[in-house]
Each structure stands twice: as C-alpha cells, then as structure tokens.
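There are 2 protein chains.
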Amino acid sequence: MLALLDGTLADPDAPLVRVDDLGLLRGDGVFETILVVDGKPRELDPHLDRLARSAAMMDLPEPDRAAFERAVSLVLDNWTGGREVALKLVFTRGVEGGDGTPTGFALGMDIPAKVIGQRADGLAAVTLDRGIEPGLAERAPWLLLGAKSLSYAVNMAALREAERRGASEVVFTTSSGSVLEGPTSTLIMVRGRTLTTPPSTLGILPGTTQAALFRAATREGWAVRVEPIAVDDLYEADGVFLVSSVRKITRVHTLDGKSLPDSTELHEELVDLYESEY
Amino acid sequence: MLALLDGTLADPDAPLVRVDDLGLLRGDGVFETILVVDGKPRELDPHLDRLARSAAMMDLPEPDRAAFERAVSLVLDNWTGGREVALKLVFTRGVEGGDGTPTGFALGMDIPAKVIGQRADGLAAVTLDRGIEPGLAERAPWLLLGAKSLSYAVNMAALREAERRGASEVVFTTSSGSVLEGPTSTLIMVRGRTLTTPPSTLGILPGTTQAALFRAATREGWAVRVEPIAVDDLYEADGVFLVSSVRKITRVHTLDGKSLPDSTELHEELVDLYESEY
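Below is the structure:
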C-alpha cells in the first residue's frame, strides 16, 4: 500500500519515480521505518521528528509533516495485510535540475518472516569496523554521520559480510573497539537493572525504539545510561540486544562466534517493558 | 533520452522506477557517467569495466555488458541535444523482496552550464576531511570505499559545504592530511613534467579520465606517478586539476581561500594531451 504527499493512493507495483530522481541517482534523501500494530503507528511523532532532523542535516526542505501524517493514515486506512506493518516514509531531493520539489511517499510493507523469527529466537551478530572515530561526526558534519539517509549501501554490505561469516546481524564499532550501532538498529547492553546504549554524538542514529524502551524502563525503576561501551563489555553483560521499530527487542545470543550469557528471561522482561508503552 | 537494458527507449520524464527499488530505498546500486562527444562515447570500455568492478564489490550480479552497450547506442542514436552528452549508466539491486532482477538503464543528459564554465575558468576548492585513513579500504571492504555506488549523499553534502565556504568543489583528505579525490572527480597534481595522482588503494575511485590523460602524457614523454600527495604539496605544485568525464580537465585556481600558482598554460597543454586521445 502506497500513499503520496498530495493525499492520493498509488499502486506500489507500478513505476512511480523518475530515473533522474536524486534519491535514486545520488541516494540523496532521508527515510524512516515505523512499526504499525493493529492500525496504530508506534512512535509516529519521534519518527517524524527524526525525519525532519535528518532532512535538516542534509539541507533538504523541511518535510511537510501534515502531508506525511495524511499519507500514513491513507496507507493504514487501506491496509489489507497482516496485523503488523512496516511503514516506510521516504523523502528525496526530487529530480536533478528540477524546481526543487521533493519526492515523498509512505509505503506499507509486511514484516519480513526472518525478522519475526529473530524476535523470538534471537540472532548471531559479528562486529565490523565502521571506520569512524569519536569526534568525527561533530568535526565533519558533511559525512552525515547520524543522518538516516537513503545512502545505505554500506549498511547493506555489512549485513552481507555478516552472512558470509555465518551471522545475520552486525554491531558496528569504531576502529578502537567502541560499540556504535547495528546497520538498521540500536544496541542496548544490560547489566543488572541498568540499560546502556552508546551516545549519538559518536555519529550514530538516535533510536526511537531505544528511547521508548528507556522511557518505560525508567518508569519501572531501571537505571538507564547513554555512554560509550567497549566491545569487550558485551561479553560480560547480562544481555545484548539490537532494537529497532520493525525488529522490536531482539536478543543477540552469539557475538563473533562466541555465545553470550543466556538472556532469554531478560528478553521477556524487556519486551514486556517495551509493550507496556502501547 | 533514456534506454533500458531490454533494448527499448523510454520517456525520461515519465516514472520508470518502483518506490521499492533498492537503488532508491537503500542507495543499493552502482553507476557510471560517460562523456559523449559528437556521438562517440569516451572510455566506454574502462567505464563498463569499472561498473562491473563496483558491482562485484557490492555483490551485485554482473552487469550485462552487451545490454548496456545496446542501451548506450540507443540513447546516442536518438539524441537530439547538444554536441556533448553526459551519459549515465545505472544498475541497482532491483525491487525489495523481488526475484533479484536488477534495474538498469542509460540516461543521456546535457552537460550543466556550470561545468562548461569551470572547464574554461577553473574553480575554487576546499579541503574536507573524508574521515578515512590509509589501510581502511583493504581492512574493511564492507565500507565500499572505491566503489561507485548510488550512495552518494556524502559526496553531495560535501559540495554543499564547499558552497557555504565560497568554493564550488572539494578535495577530500584523510584525517592526517593526505589528498584523496573530489566528490565526483580525480585529483592530479603537476610539477615540472610529472603528473601525480593518489593511489586507489587509499579507498578512492580509479579515474577513467585520469587514466586517459596519463596514457597520453606517457606517450608524449611526461612522467606519471601514482603515489600519496600531502595537502601542503598542492600549494607548491605548478598545477592542481580535478578531472572527470564530464568536467574533462578542470583547473583548481584557489584552495581553501589561497590562490594557487597560475596554471593557465599548463591547463592548455593538458587539455591538448587529453583531447589527443580522441
């Protein structure tokens, strides 16, 4: 199901985008992926806030929030698939040499079966060097570190490298071994009753699902920390999780081929916390 | 003018690409831009070689060379614009969750007036940190350094940063001040009768125009070197040039606000060398 910013529905299987759209030719645009459950989008406002933030980082026009909200409603009102929807919002710089009118749409898709399986079973991840160091994001904003741009080829290449290594996910690290994020997820480490995630100032995306979980956890008396995590810390943690809108809270049971402590029960607790927000 | 890999022409102003094409959603594809003069594409084979190399770096299927050659001919046979064409070849991973059929096309466009002006007048450039160090490209191939992918948002952001600084182009550098490349060009430094360009092992694109110029220069008795260049070296050179298919050989007259030695005559010599190849 596909809706455009002008308030119309379109056929997702029909061509919609021109070949000279800069979103295609240059990966020059931004996106968000929102989880919808039983017709209700989760964290819609934080997602729209982040879309606007990414757009600002890339000197794009400000996305028309009301038009995106209308497109979201249109997709959901006409959705005929399963209980859950992965709802993608896309906003590009428009066609090359055009009048600057951005291209934008909301696209509803089914949740991939693989992701559903990983929510229940957890997954194996590998660490991969992202080639960035602390300080770079602030020093060199043109590197767009922490912007959710359409230029995700590296994120996809990292996932293929994980598969070559017999895993299905990636934990990006700095060259000096500090934990960053997954290619499409945020990392959360748990020790006792403390949740920790790395700071977005390292050049990573501020997570909407991580924020929702931290909100719920704080309310229930857990401690939450946003601070650097060394890769070695992950092996001694009570649990390591990759979280995102579509994957929710997914357990990492194996890292770089080594089993992590069993976090099955902890996972259930975190899922309950997260679901209590909705 | 637009031609598809199935050997048909299409309307470039009409939608052609689905919203769930991974080239759009993930910048997950590769491209080349070829200069065509008087109906003849320049360096077509090196461009097709590099398209295949970029595709291999991204685990894409091998582009169908004959189909791309046919699309190139179709565009040029039907071109009704100026003497020169910027001919873009695009090859993406196809639609998300599809059968793996890539999307591919050849798109002919006019050369931007700005580029034509810069060929004659030269340009001002600024150095910007690309945030990579020597060795990273080989150590972390998933970072796709040196692949000509559709994920060019950073390259475009760097050009906007240059404009904010009153310049129109960028010389990317490592954090330690070694010269890399432009966002869409190769850097060549000239001292006496020696042309120097940085090695692609630094994680930069091997240049087709640079290779053509080096070929011609070697034939005419110039020395050519592929070796690291320190930013400071650029100020003492006889000439600094950004070269690419569409811009040909373009003189950098100002770097980070400082005037470089006048290289007008040297520029003419290099242009003659380059044009002697065709």
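Residue numbers (the numbering used here), protein chains in the order written: chain X, 133 to 410; chain E, 133 to 410. Note that beta-carbon positions come from the ideal geometry of N, C-alpha and C, so glycine has one too. Just so you know, these numbers come straight off a predicted model, no measurement behind them.
Within the continuous beta strand (DSSP E) that includes K380(E), where are the two ends?
For K380(E), the enclosing beta strand (DSSP E) starts and ends at K380 to L387.
Assigned exposure category for R271(E) - 16 Cβ within 10 Å defines buried:
By the Cβ-count criterion, R271(E) is exposed, with fewer than 16 other Cβ atoms from all chains shown falling within 10 Å of its own Cβ.
Using 8 Å as the threshold, is the C-beta distance between L268(X) and L275(X) below it?
In terms of Cβ geometry, L268(X) and L275(X) form a close pair [threshold 8 Å].
What's the C-alpha gap between S205(E) and A256(E)?
C-alpha separation (whole angstroms): 36 Å.
Residues of the region 174–190 of chain X with a CB closer than 7 Å to any CB of chain E: list them in chain order, please.
From the region 174–190 of chain X, only M190 have a Cβ closer than 7 Å to chain E.
Please classify S308(X): is it buried, with 16 or more other beta-carbons within 10 angstroms of its beta-carbon, or exposed?
By the Cβ-count criterion, S308(X) is exposed, with fewer than 16 other Cβ atoms from all chains shown falling within 10 Å of its own Cβ.
Proximal residues, the region 144–160 of chain E versus chain X, C-beta separation under 9 Å
Against chain X - using a Cβ distance shorter than 9 Å - the residues of the region 144–160 of chain E are P144, D145, A146, P147, L148, V149, R150, V151, D152, D153, L154, G155, L156, L157, R158, G159 and D160.
Who pairs with A269(X) in a beta bridge, going by DSSP?
A269(X) pairs with nothing; no bridge assigned.
Please list, in chain order, all residues of the same chain as S408(E) whose beta carbon is under 7 Å from its beta carbon, the five residues on each side excluded.
Hits under 7 Å: A348.
Are the beta-carbon atoms of R325(E) and A355(E) separated by less than 8 Å?
In contact: R325(E) and A355(E) (Cβ atoms closer than 8 Å).
Compute the Euclidean distance between the alpha carbons of T333(X) and D138(X), then round it to the nearest angstrom.
Distance from the CA of T333(X) to the CA of D138(X), rounded to the nearest whole angstrom, comes to 36 Å.
Below-8 Å beta-carbon distance, E293(X) vs any chain E residue
So yes, E293(X) belongs to the interface.
Secondary structure of I361(E), DSSP reduced to three states:
In this structure, I361(E) counts as coil in the three-state DSSP scheme.
Give a yes or no on whether the minimum CB-CB distance between R271(E) and chain X is below 8 Å.
Output row for R271(E): interface = yes.
Pull the bridge partners of G236(X) from the DSSP assignment, please.
BP columns for G236(X) point to F223(X).
Rounding to the nearest angstrom, what Cα-Cα distance links R335(X) and G278(X) in this structure?
Checking the displayed sequence, the identity of residue 335(X) turns out to be Gly instead of Arg. About 5 Å.
Contact criterion: CB-CB distance below 8 Å. Does S391(E) meet it with respect to chain X?
Chain X contact via Cβ: absent.
Does the beta carbon of A203(E) come closer than 8 Å to any beta carbon on chain X?
Not closer than 8 Å to any Cβ of chain X, the Cβ of A203(E) fails to qualify, so no.
Would you say I243(E) lies against chain X (beta-carbon separation less than 8 Å)?
Contacts with chain X at 8 Å (Cβ-Cβ) do not include I243(E).
Beta-bridge partners of L141(X), as assigned by DSSP:
DSSP, once it has assigned bridges, lists A135(X) as partnering L141(X).
Taking the alpha-carbon of L387(X) as reference, which of L366(X), K220(X), L134(X) and L398(X) has the nearest alpha-carbon?
Measuring C-alpha to C-alpha distances from L387(X) to each of L366(X), K220(X), L134(X) and L398(X) identifies L366(X) as the nearest.
I426(X) - containing alpha helix (DSSP H), residue span
Given that chain X is displayed from residue 133 to residue 410, the structure contains no residue 426(X) and the question cannot be resolved.
Does S283(E) pass the burial test, meaning 16 or more other C-beta atoms within 10 Å, or should it be called exposed?
Burial call: buried.
Note down, in chain order, every chain X residue with its Cβ under 7 Å from the Cβ of I464(E).
No information on residue 464(E) is available, as it lies outside the stretch 133 to 410 that chain E covers here.
Test item: CB-CB of L327(X) and F346(X) under 8 Å:
Their beta carbons are under 8 Å apart, which means L327(X) touches F346(X) by this criterion.
Does any CB atom of chain X fall closer than 8 Å to the CB of S281(E)?
The C-beta of S281(E) comes closer than 8 Å to at least one C-beta of chain X.
DSSP on G155(X), reduced to helix/strand/coil?
Secondary structure of G155(X) (DSSP, three-state): helix.
3 or more residues per run - each beta strand (DSSP E) lying fully within the region 268–353 of chain X:
If only complete runs of 3 or more residues are kept, the region 268–353 of chain X shows the beta strand (DSSP E) at 301–305, 318–323 and 326–329, in order along the chain.
Taking the alpha-carbon of G371(E) as reference, which of D364(E), H399(E), V302(E) and R150(E) has the nearest alpha-carbon?
Ranking D364(E), H399(E), V302(E) and R150(E) by Cα distance to G371(E) puts H399(E) first.
Would you identify the three-state DSSP class for T396(E), choosing helix, strand or coil?
Helix.
With DSSP run on the structure shown, which of helix, strand or coil describes P178(E)?
Here P178(E) sits in helix by DSSP.
Can you check whether the C-beta of F223(E) is within less than 8 Å of a C-beta belonging to chain X?
Answer no: the Cβ-Cβ gap between F223(E) and chain X never drops below 8 Å.
Kindly indicate which three-state DSSP category L377(E) falls into: helix, strand or coil?
One point to set straight first is that residue 377(E) is Ser, not Leu, in the sequence displayed. Coil.
Select from the region 308–333 of chain E all residues with a C-beta closer than 9 Å to any C-beta belonging to chain X, and list them in chain order.
So the list is empty, because no residue satisfies the distance condition.
Are three or more beta carbon pairs between the region 162–173 of chain X and the region 210–225 of chain X nearer than 8 Å?
With the cut-off at 8 Å, the region 162–173 of chain X and the region 210–225 of chain X touch.
Between F200(X) and chain E, is the shortest Cβ-Cβ distance under 8 Å, so that the two count as touching?
No - not a single Cβ of chain E is within 8 Å of the one on F200(X).
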